[in-house]
Amino acid sequence: MSETPKDVVVGFFADLNNGKYTEAYERVAPDVDFWIAGREWSIGGRYDREGVQAVLAKKVAPALAAPIVAEIVGITAEGRRVAVEVEAGGPTTSGALYQNQFHFLFVVDDGKIVEAREYHDTLHASRVIGA
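In this text, residue positions in the sequence shown follow my numbering: the first is 3, and each later residue adds one.
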């Protein structure tokens with residue numbers, strides 16, 4: 003039996019939390035339309051799979067003292083769409099704690115995330131993470 007869209011998204015976050023980044027991004031289509039909020043934040047914009055991995059590795063990861071841990075606090079799935087409320091955070095290299103709330107909207111086709119929208123407090127992110 004194939005995974006439901008909800009299973010794919012829950013698996014994506016589980017893989018990220020377990021440091022299985024390759025496995026997490028195997029759940030994402032190479033040509034995904036991954037949009038991150040933030041007109042005034044340099045990370046905001048649209049990316050494909052390679053692009054989102056690169057921007058996170060280049061601009062977010064260096065500011066972190068440990069990987070971000072994401073907790074799903076709510077999830078709703080209907081058809082191919084999966085809406086997820088997440089609380090995520092971790093320590094930064096500056097000593098500040100990054101703690102943010104997120105809303106993600108994913109679209110899943112054939113077991114792959116093909117669209118993603120990430121909404122979060124970009125002011126907090128830019129102040130604590132920088133980038």
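Virtual Cβ for every residue (Gly too), placed ideally from N, Cα, C.
Original post:
What is the DSSP secondary structure of E73, reduced to helix, strand or coil?
Top reply: Residue mapping note: residue 73 aligns to position 71 of the sequence shown, counting from 1. Strand.
**OP:** Could you tell me which of E52, P7, G46 and V75 sits nearest to R119, measuring between CA atoms?
**Re:** If you number the sequence shown from 1, residue 119 lands on position 117. If we check each option's Cα against that of R119, G46 comes out closest.
Subject >> Three-way DSSP call (helix, strand, coil) for E25 in this model >> reply: Working through the sequence shown from its first residue, we reach residue 25 at position 23. Correct three-state label for E25: helix.
**OP:** List the endpoints of the continuous alpha helix (DSSP H) containing R82.
**Re:** Taking the first residue of the sequence shown as 1, we reach residue 82 at position 80. No alpha helix (DSSP H) contains R82, which DSSP labels as neither H nor E.
**OP:** Give the range of the beta strand (DSSP E) segment to which E117 is assigned.
**Re:** Working through the sequence shown from its first residue, we reach residue 117 at position 115. Its beta strand (DSSP E) spans residues K114 to H122.
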